[in-house]
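Trainee:
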Amino acid sequence: MIDIFINNILPVFLIAAVGFIAAGRFDLQPGPFGKLLFYVFSPSLVFYSLATSTIDTQELVQLLFVMLVVTGLILFVAWVAARAFRFSTIQQSGILLGAMWPNDGNLGLPIVKFAFGDEVLARAVIIYVIVSLFAYSIGVVVASRGTHSWQGAMIRVLQMPVFYAALLGIMVNVLRIPLFPTIDRSISLLSQATIPVMLIMLGIQFAQSASFTKMRPALMTISLRLLISPAIALTLGVLFGLRAEASIALVMQMAMPVAVATIIFAEEFTLDRQQVLSTVFLSTLLSPLTLSILIAMLKVQT
């Protein structure tokens with residue numbers, strides 16, 4: 112357990128700590144880093160991972176279907192639990208959003224890479240793309256609770272550079288289109304820079320605001336995200352016969368803490384910002400423990 116934490120999880124949090132310290136020392140703002148990640152680094156990582164992946168089309172479709180079922184079940188369980196505890200509609204939206212949206216980019220990708228290597232990372236990238244698409248479609252509907260249309264949600268999806276990078280990467284892979292060495296090396300370097308920039312960005316975001324209030328809905332969301340979600344993913348991975356690398360990637364990504372981007376959704380859709388802040392920060396602080404246990408379990412099974 113200690114070795115797993117030191118070798119696979121601590122490096123991730125140390126890099127995030129650099130961003131946290133630098134934000135206070137140099138008054139860094141997350142905006143420019145966010146734009147670089149959104150328009151340059153993340154699309155490069157997604158494109159290059161999919162373009163050079165050995166994953167076949169059947170596995171891609173299988174992962175997409177399983178992710179749809181996993182997300183639907185998580186939302187259903189979260190909705191039942193939130194209703195049972197009589198949370199308000201706004202609080203329910205925050206719970207549902209946090210339950211369905213893991214921090215599978217900033218934390219998920221580097222932890223998966225360190226713990227399980229490139230084959231599992233390739234599947235984790237695909238899950239990251241799928242989660243992003245769900246977040247900006249299903250997530251918009253969840254956050255708005257009927258005040259915004261499906262058309263608006265789809266426009267959000269079509270505005271995401273990651274969406275086009277994924278399509279282009281799959282096309283290059285399926286059609287066996289060769290990449291010129293100059294393009295290949297340039298995109299490869301950009302993709303390698305993505306994870307460090309994500310972690311620095313995470314630290315900067317944490318430095319901007321930290322809050323621990325509205326603990327009842329926050330603790331429910333954290334339980335759903337860190338405990339129930341990976342259990343659902345593990346069960347469905349076995350049920351649908353995912354290969355080992357895909358199953359590990361699915362479980363690991365679904366075990367990540369609540370995505371930092373839910374804070375942005377909370378502001379845009381007038382949710383309870385303090386509730387969402389507490390959920391994000393506390394789930395991130397608790398995740399090293401739950402992830403260390405999960406990685407140990409998965410390594411024993413493999």
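Residue numbering for the sequence shown follows the working numbering, starting at 112 and increasing by one per position. Glycine included, each C-beta is placed from N, C-alpha and C at the ideal position.
#1: Using the Cβ count rule (16 or more neighbours within 10 Å means buried), how would you classify Y247?
#2: List in chain order: all unbroken alpha helix (DSSP H) runs of 4+ residues lying wholly within the region 282–336.
#3: Measuring alpha carbon to alpha carbon, tell me which of Y150, M331, M271 ends up nearest A192.
#4: Between which two residues does the alpha helix (DSSP H) harbouring L179 extend?
#5: What do you get for I117, buried or exposed, if any count of 16 or more other CB atoms within 10 angstroms of its CB means buried?
#6: For the alpha helix (DSSP H) that L466 lies in, which residues bound it at each end?
#7: Inspect the beta-carbon positions of L335 and A235 and report whether they are closer than 8 Å.
#8: Residue range of the alpha helix (DSSP H) that I359 falls in?
#9: Is the beta carbon of L139 less than 8 Å from the beta carbon of T305?
#10: Where do the N-terminal and C-terminal ends of the alpha helix (DSSP H) with F376 fall, by residue?
#11: On the three-state DSSP scale, how would you describe M368?
#12: I'd like to check one pair, F392 with G250: are the Cβ atoms closer than 8 Å?
#13: Here's a check: name, in chain order, each residue in its chain whose Cβ is nearer than 6 Å to the Cβ of F245, leaving out the five neighbours to either side.
#14: Are at least three pairs of beta-carbons, each pair with one atom in the region 307–321 and one in the region 145–156, less than 8 Å apart?
#15: Determine the extent of the alpha helix (DSSP H) in which P341 is found, giving its start and end residues.
#16: In terms of residues, what are the limits of the alpha helix (DSSP H) holding T200?
#17: According to DSSP, is L218 part of a helix, a strand, or is it coil?
#18: Compare the beta carbon distance of D383 and Q203 with 8 Å and say whether it is the shorter of the two.
#19: To the nearest angstrom, how far is the alpha carbon of Q362 from that of G348?
#20: What distance in whole Å lies between the Cβ atoms of M367 and D167, which are believed to be in contact at a cut-off of 8 Å?
#21: Less than 8 Å separating the beta-carbons of L402 and I222?
#22: Which whole-angstrom value is the C-beta distance of W190 and V369, which I expect to be below 8 Å?
#23: Assign D229 to one of three DSSP states: helix, strand, or coil.
#24: Under a three-way DSSP split, which group does D114 fall into?
#25: Given that a residue counts as buried once 16 or more other Cβ atoms are within 10 Å of its Cβ, and exposed if not, what is E356?
Mentor: On the basis of the supplied data:
#1: With 16 or more neighbouring CB atoms inside 10 Å of its own CB, Y247 falls in the buried class.
#2: Within the region 282–336, the complete alpha helix (DSSP H) runs of at least 4 residues are 292–319, 326–334.
#3: Nearest C-alpha to A192 among Y150, M331, M271: M331.
#4: Unbroken alpha helix (DSSP H) run through L179: 168–195.
#5: Counting of Cβ neighbours within 10 angstroms places I117 among the exposed residues, the total staying below 16.
#6: Nothing about residue 466 can be reported from this structure: the residues present for the chain run from 112 to 413 only.
#7: Taking the C-beta atoms as reference points, A235 is found no nearer than 8 Å to L335.
#8: 355–365 is the extent of the alpha helix (DSSP H) around I359.
#9: For L139 and T305, no; Cβs fall outside 8 Å.
#10: Per DSSP, the unbroken alpha helix (DSSP H) holding F376 starts and ends at 373–379.
#11: Met is not the amino acid found at residue 368; the sequence shown has Pro there. Looking at P368 - three-state DSSP - the assignment turns out to be coil, as it is neither helix nor strand.
#12: No, they are not a contact pair.
#13: Counting only Cβ-Cβ distances below 6 Å, and skipping sequence neighbours, we find T182.
#14: Touching, yes, given that three or more Cβ pairs across the two stretches are closer than 8 Å.
#15: Run containing P341: 340–350, per the alpha helix (DSSP H) assignment.
#16: T200: member of the alpha helix (DSSP H) spanning 200–211, first to last residue.
#17: DSSP places L218 in the helix class (H, G or I) of the three-state scheme.
#18: Cβ distance not < 8 Å, so D383 and Q203 don't count as in contact.
#19: Checking the sequence shown, residue 362 turns out to be Val, not Gln. Annotation: V362 to G348 spans about 8 Å, alpha carbon to alpha carbon.
#20: No, D167 and M367 are not in contact; Cβ-Cβ is about 26 Å, not under 8 Å.
#21: Taking the C-beta atoms as reference points, I222 is found nearer than 8 Å to L402.
#22: So it is not a contact: roughly 17 Å between Cβ atoms.
#23: In the structure shown, D229 falls within a helical segment according to DSSP collapsed to helix, strand and coil.
#24: Residue state for D114 is assigned as helix, using DSSP reduced to three classes.
#25: That one is buried.
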